[in-house]
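A.B. asks: The following block contains the structure, expressed as structure tokens.
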Amino acid sequence: MSRRKLRPVFSRLWLLAPVTALGMGCSSTWGCDSDGHTSQSTFPIPAMLLDGGTPTQATACEELCASYGAKAPCSLSKSTEDKPEPDQVSCETLFICEGRRPEGLCSDGAVAVEVPALGALFARMAHLEAASVPAFERLADELAAHGAPERLVRAARRSAKEEVRHARAMEALALRHGAPIPELKVAPFQARSLEALALENAVEGCVRETFGALLAGWQARSAEDAQVRESLAAIAPDEQRHAELSWAIDAWALEQLSPEARERVEEARREAWRELERDAAASLVPDAVARASGLPSARMAQRLVRELAFSLMPQAHA
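Under the working numbering, the first residue of the sequence shown is numbered 292, with each subsequent residue one higher.
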């Protein structure tokens, strides 16, 4: 996908971005058996919903979670031991941030339930950016081993260095909002065939990283938090180049593969678009978190996935 083709698509979809966006968050899995989709977040119970310090019968934890844009399973707890009654509720949230995940990623970026939801979101984003560093380093080595053009190898190495900077920026946002930095765990890499490389690149690069680049630009335009807008505005151009690199690698790799292998890659890409649309539709994050981070609503995210897929790959939903 050339720069001339990808950038107009992004620019058209960014026009849909409102000044304030409601809705979604960050996730995905690859490698180990961690779900990576859901997270428990804790929210204060509004004083108006307390009756003498205790949640009223009309405000069961499920309803409290719904008021925050989250859902059950849920539980009530005390923020400090000296509280006479529970004054906070723990709810399930679903985050959807995207990027290039390495095969063998064994950590999901989740943090403790008591961490504020906005901090938990940025912790996951920092984790995903950090995971992209070894993903691009491995990609560069594999491209060189398979005889790819030097320009692709250099671009992959440059992308790894850029992801280091991105991870630091997201870590700063996570720390600012009360979240620790999650530990990154990646299993040792094994040598792979060119088809295996192409399959991963089609899913992680052409689909998830491309959508992640679109989201970065959306957040840079929509986040209420000025520091988030500033951080994402610096990151978005790099992420767009990473998406363009994914499509350039795809074009080169497909030329080297047999017709049967090419079809397997194309089918993996089609299924990745369908899975991403399902993830977007199921996303769930508190409205205040979505407004501060600038992420789109579940409905808008689903629309963005569908329109991006159709623009880049019309047969994606076939």
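Heads up, the beta-carbon is just placed ideally off N, CA and C, and yes, glycines get one too.
Remember, it's a predicted structure, so these values are computed and weren't measured experimentally.
Taking the alpha carbon of His437 as the point to measure from, which residue in Ala426, Leu396, Ala414 and Arg483 has its own alpha carbon closest?
C.D. replies: By one-based count along the sequence shown, residue 437 stands at place 146. If we check each option's Cα against that of His437, Arg483 comes out closest.
A.B. asks: Kindly provide the ranges of any alpha helix (DSSP H) runs that are 4 or more residues long and lie completely inside the region 427–476, ordered along the chain.
C.D. replies: 441–467, all fully within the region 427–476.
A.B. asks: Can you pull the DSSP bridge partners for Pro335?
C.D. replies: By 1-based counting over the sequence shown, the position of residue 335 is 44. Answer is Gln379, bridged to Pro335.
A.B. asks: Give the straight-line distance between the Cα atoms of Arg597 and Ala573, rounded to the nearest whole angstrom.
C.D. replies: If you number the sequence shown from 1, residue 597 lands on position 306. If you number the sequence shown from 1, residue 573 lands on position 282. Roughly 14 Å between the two C-alpha positions.
A.B. asks: Can you find the residues in the same chain that come closer than 7 Å, C-beta to C-beta, to His567, ignoring five residues on each side of it along the sequence?
C.D. replies: Walking along the sequence shown from the start, residue 567 turns up at place 276. The sequence given here has Leu at residue 567, not His. Answer for Leu567: Val498, Arg499, Phe502 and Val596, listed in chain order.
A.B. asks: In chain order, what residues of the same chain lie with their CB nearer than 7 Å to the CB of Gly469, ignoring the 5 residues before and after it?
C.D. replies: As a first step, residue 469 must be located in the sequence shown, where it is residue number 178. Cβ within range, chain order: Val406, Pro407 and Gly410.
A.B. asks: Closest to Ser398 by C-alpha separation, out of Phe413, Ala421 and Val404, would be which residue?
C.D. replies: One-based indexing of the sequence shown puts residue 398 at position 107. Checking every option, the nearest Cα to that of Ser398 belongs to Ala421.
A.B. asks: For the alpha helix (DSSP H) containing Ala351, list its first residue and its last residue.
C.D. replies: On the sequence shown, position 60 is the one that residue 351 refers to. Where Ala351 is concerned, there is no enclosing alpha helix (DSSP H), given that its DSSP letter is neither H nor E.
A.B. asks: What did DSSP end up calling Cys365 once you bin it into helix, strand or coil?
C.D. replies: Taking the sequence shown and counting its residues from 1, one reaches residue 365 at position 74. Of the three classes helix, strand and coil, the one that applies to Cys365 here is strand, per DSSP.
A.B. asks: Between the beta-carbon of Ala451 and the beta-carbon of Glu474, is there less than 7 Å?
C.D. replies: For this step, residue 451 is matched to residue 160 along the sequence shown. For this step, residue 474 is matched to residue 183 along the sequence shown. Not a contact, by the Cβ cut-off of 7 Å.
A.B. asks: If you compare alpha carbons, which of Pro335, Leu536 and Ala517 is closest to Lys374?
C.D. replies: Within the sequence shown, residue 374 is the residue found at index 83, counting from 1. Nearest option by C-alpha distance: Pro335.
A.B. asks: Could you name the residues that DSSP lists as bridge partners for Leu536?
C.D. replies: Numbered from its first residue, the sequence shown carries residue 536 at position 245. Paired residue(s): none; Leu536 is not in a bridge.
A.B. asks: Could you say if the region 551–560 and the region 451–463 meet the contact criterion of at least three C-beta pairs nearer than 8 Å?
C.D. replies: Flag = no, the region 551–560 and the region 451–463 do not touch.
A.B. asks: Have a look at the DSSP bridge pairing and note the partners of Leu396.
C.D. replies: Start at 1 with the first residue of the sequence shown, and residue 396 comes out as number 105. Leu396 is bridged to Val477.
A.B. asks: Sort Val404, Arg392, Pro393 and Gly395 by Cα distance to Ser370 and report the nearest one.
C.D. replies: Stepping through the sequence shown from its first residue, residue 370 is reached at position 79. Of the listed residues, the one whose Cα sits closest to Ser370 is Val404.
A.B. asks: Does the region 528–546 touch the region 296–312, meaning 3 or more C-beta pairs lie closer than 8 Å?
C.D. replies: With the cut-off at 8 Å, the region 296–312 and the region 528–546 touch.
A.B. asks: Assuming Gln518 and Leu464 make a contact with CB atoms under 8 Å, what is their CB distance in whole Å?
C.D. replies: Taking the sequence shown and counting its residues from 1, the one referred to as residue 518 is at position 227. Taking the sequence shown and counting its residues from 1, the one referred to as residue 464 is at position 173. Rounded, the Cβ-Cβ distance is 7 Å, consistent with contact.
A.B. asks: Scan the region 584–609 and note each continuous alpha helix (DSSP H) run of 4 residues or more that stays entirely inside, going in chain order.
C.D. replies: Counting whole runs of 4 or more residues, the region 584–609 contains the alpha helix (DSSP H) stretches 589–603.
A.B. asks: Give me the Cβ distance between Arg560 and Ala493, rounded to the nearest whole Å; I'm assuming they're in contact under 8 Å.
C.D. replies: Looking up residue 560 in the sequence shown gives position 269. Looking up residue 493 in the sequence shown gives position 202. Indeed, because the Cβ distance is near 4 Å, the residues count as touching under 8 Å.
A.B. asks: Are Ala431 and Trp543 touching if we call contact CB-CB under 7 Å?
C.D. replies: For the purposes of this step, residue 431 is taken as the residue at position 140 of the sequence shown. For the purposes of this step, residue 543 is taken as the residue at position 252 of the sequence shown. No, Cβ-Cβ distance for Ala431 and Trp543 is not below 7 Å.
A.B. asks: DSSP on Leu575, reduced to helix/strand/coil?
C.D. replies: Start at 1 with the first residue of the sequence shown, and residue 575 comes out as number 284. Strand.
A.B. asks: To which residues of the same chain is Asp516 closer than 6 Å at the C-beta, ignoring the five residues directly before and after it?
C.D. replies: Within the sequence shown, the letter at position 225 stands for residue 516. Ala583.
A.B. asks: Taking Cβ positions, are Val477 and Pro425 nearer each other than 7 Å?
C.D. replies: Along the sequence shown, read from residue 1 onward, the residue named residue 477 stands at position 186. Along the sequence shown, read from residue 1 onward, the residue named residue 425 stands at position 134. Yes, they are a contact pair.
A.B. asks: Could you give the first and the last residue of the continuous alpha helix (DSSP H) run that contains Ser484?
C.D. replies: In the sequence shown, residue 484 corresponds to position 193, counting from 1. Here Ser484 belongs to no alpha helix (DSSP H), and DSSP marks it neither H nor E.
A.B. asks: Which runs of the alpha helix (DSSP H), 4 residues or longer, sit entirely within the region 485–520?
C.D. replies: Listed in chain order, they are 485–491 and 501–513.
A.B. asks: Quick check: Leu523 and Gln510, are their CB atoms within less than 7 Å of each other?
C.D. replies: Position 232 of the sequence shown, counting from 1, holds the residue named residue 523. Position 219 of the sequence shown, counting from 1, holds the residue named residue 510. Yes, these two residues count as a Cβ contact at 7 Å.
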